[in-house]
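Converting from the sequence shown to the numbering used here requires adding 524 to each position, the first position being numbered 1.
In what follows, a single structure is set out as structure tokens and then discussed.
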Amino acid sequence: MEIVLTQIIWRLAIILLTSFGVCMLVLLTQRWHGRLSLDHDLSSAQKLHSRPVPRVGGLGLFIGLLVATLFSYLTNGSSYPTTLWLLISALPVYFFGLMEDLTKRVKVRTRLIASFASAGLAIWLLHARLLEVDTPILDNLLSLPTISVLFTIFAVAGVTHSINIIDGLNGLAAGAVSIMLMGLTAIAWQHGDYLVVKLCLWGMAAMTGFLILNYPFGRIFLGDGGAYLAGFWLAECSVLLLVRNPHISTWSVLLICIYPVWETLFSIYRRHMLQRVNSGQADFAHLHQLLYKRFNSNEGRSDGSSTWIKHGLTSAIIWSLIAGCQLVALTAQNNSALLASSVLLFGLGYSRMYHALSTGIDQHGQPVHGAKV
């Protein structure tokens with residue numbers, strides 16, 4: 525057992541260092557690729573940084589996960605086929621996300637279709653689709669293969685895009701995914717599912733290598749490619765955990781991932797139903813942006829050295845909310861009623877918090893005339 529643990533630690537360290545090394549290489553060579561890789565658009569509604577920054581940090585995640593796959597192959601590990609198929613499945617959504625990072629011309633619809641393709645590939649290659657979600661009416665529908673496939677595709681694509689939506693502050697998305705993978709790891713470990721444990725650990729290690737350069741100073745960004753890859757990995761680890769362990773409550777996994785999922789659903793409702801605008805249109809009104817706005821006394825943007833502190837504080841506050849959800853999911857994992865109630869309470873708490881933070885701020889995140897922020 526001690527030897528196996530030592531091997532796992534070494535592999536995690538190498539994956540972390542690989543991800544860090546790739547991200548560092550991107551920073552050191554940006555003079556040659558900066559025309560494509562730097563985020564030059566500092567005026568968009570959702571931008572909270574004041575200088576061009578490379579937005580291809582997803583390369584570190586991808587290469588780190590590729591190294592994890594190579595390790596599994598060289599050691600004849602039982603996780604090799606699953607890791608390989610999972611990484612292959614991620615290619616469509618990662619590729620089109622990376623193309624958006626480099627060209628800024630890939631439409632949201634194209635990236636959404638790519639996420640559907642990745643989710644469909646995962647179902648085909650891994651034979652993993654949701655058959656029940658601890659909700660009687662839905663469970664009856666999911667007994668039909670076509671409904672099960674479509675539901676799984678939409679669920680995976682939804683979580684994939686949800687991470688891109690919360691990717692707006694230094695460390696927020698990568699840290700959030702790492703915490704959620706940690707929650708999945710704990711449940712998988714308790715139920716003896718060491719394959720899912722390994723997949724989650726590989727993802728956390730690759731994410732940490734990137735975080736070293738991203739949090740709190742924001743020297744490199746995940747970009748769309750990195751956010752989609754992180755979201756897809758999280759989504760598929762969740763699906764695999766549920767498929768391989770039918771006795772685990774779906775509500776526990778939903779509670780683990782509830783922050784980005786709720787943020788996405790609420791954003792669609794807010795934009796489409798309340799503001800009557802395209803739900804794919806970027807704005808400055810996500811929860812993390814409003815919280816940052818409260819820290820920022822300079823009308824939503826600060827060019828001073830304190831910017832990274834505000835980024836760091838905002839991300840840390842939201843991480844603490846996510847961590848709280850992990851604790852509840854772990855302690856109540858066998859009580860579906862309590863877990864479902866916790867999901868509802870999170871939604872109510874989120875709505876109250878959002879209302880408090882958005883008072884006096886318009887849909888673009890700017891103070892309403894005469895209102896105090």
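The C-beta atom is built at its ideal place from N, Cα and C for all residues, glycine as well.
For residue i, which residues does DSSP report across the bridge?
i, result
"P578", "L562"
Got a sec? Which residues, its chain only, sit under 7 Å from residue i by beta carbon, not counting five neighbours each side?
i, result
"V630", "F620, M623 and E624"
"H634", "Reading off the sequence, residue 634 comes out as Thr, not His. The residues are F620."
"H893", "Any reading at H893 must be qualified, since the residue scores a pLDDT of 48, below 50, and its modelled position is unreliable; no value is offered."
"A861", "none"
"L845", "Y783"
"L869", "none"
"L854", "G707, A710 and I711"
"D658", "S773, T774, W775 and S860"
"L837", "F819"
"V852", "L779 and S866"
"D663", "E656 and V657"
Would residue i be called buried (16 or more neighbouring beta carbons within 10 Å of its own) or exposed?
i, result
"Q531", "exposed"
"A537", "exposed"
"N820", "buried"
"Y793", "exposed"
"T738", "Here residue 738 turns out to be Asn, not Thr, going by the sequence shown. With 16 or more Cβ atoms within 10 Å of its Cβ, N738 is classed as buried."
"L779", "buried"
"M475", "One cannot answer for residue 475 here, as it falls past the ends of the chain, which runs 525 to 897."
"F477", "Shown here, the chain extends from 525 to 897; a query on residue 477 therefore has no answer."
"L881", "buried"
"P660", "exposed"
"F586", "buried"
"H835", "buried"
"S642", "buried"
"R559", "exposed"
"F544", "buried"
"W556", "exposed"
"K628", "exposed"
"W786", "buried"
"R535", "buried"
"S839", "buried"
"T599", "exposed"
"T788", "buried"
"T553", "exposed"
"L863", "buried"
"S875", "exposed"
"N694", "buried"
"I912", "Residue coverage of the chain in this structure runs from 525 to 897, which leaves residue 912 outside it and unanswerable."
"G588", "buried"
"G848", "exposed"
"S830", "exposed"
"G873", "exposed"
"L765", "buried"
"I485", "Nothing can be reported for residue 485, as the shown portion of the chain is limited to 525 through 897."
"I533", "exposed"
"L924", "The structure shown does not extend to residue 924, since the chain is modelled only from 525 through 897, so no value can be given for it."
Between residue i and the rest of its own chain, which residues show a CB-CB distance below 8 Å, the 5 nearest in sequence each way excluded?
i, result
"I687", "A697, A700, V701, A751, Y752, A754, G755, L758 and P784"
"L590", "L611"
"L541", "G733"
"W713", "V721"
"L636", "A681 and H685"
"L551", "P578, L737, R743 and I744"
"S762", "V683, L708, V777, I780 and C781"
"I833", "P740"
"L666", "L654, L655, E656, V657, S672 and F675"
Residues in its own chain within less than 6 Å of residue i by CB, not counting five upstream and five downstream?
i, result
"G727", "L705 and W757"
"L583", "V546"
"R653", "I647, S672, V673 and T676"
"H715", "N769"
"T593", "T607, L608 and L611"
"S603", "S596, L719 and K722"
"R579", "D563, D625, F745 and G747"
"E823", "Because E823 carries a pLDDT of 48, less than 50, the predicted location of this residue cannot be relied on, and the following value inherits that uncertainty. Correct list: empty, nothing qualifies."
"Y878", "L811"
"L650", "W609"
"P616", "A638, A641 and S642"
Under 8 Å: do the region 746-756 and the region 770-778 share three or more Cβ pairs, one atom per stretch?
Short answer: they don't touch.
Can you confirm whether the region 807-822 touches the region 741-748 when touching is taken to mean that 3 or more C-beta pairs between the two stretches lie within less than 8 Å?
A contact between stretches requires three or more CB pairs, one per stretch, nearer than 8 Å, and the region 741-748 fails this requirement with the region 807-822.
Inspect the CB distances between the region 718-732 and the region 665-680 and report whether three or more fall short of 8 Å.
The region 718-732 and the region 665-680 do not touch, with fewer than 3 CB-CB distances between them shorter than 8 Å.
For the region 704-737, list the beta strand (DSSP E) runs that are entirely contained and at least 3 residues long, ordered along the chain.
None, since the region 704-737 contains no complete beta strand (DSSP E) of that length.
Ordered list of beta strand (DSSP E) runs contained in the region 752-822, each at least 3 residues:
If we require 3 residues or more, the region 752-822 turns out to have no beta strand (DSSP E) run fully inside it.
Within the region 621-692, note down every full alpha helix (DSSP H) run reaching 4 residues or more, in order along the chain.
Counting whole runs of 4 or more residues, the region 621-692 contains the alpha helix (DSSP H) stretches 632-650, 660-666 and 669-689.
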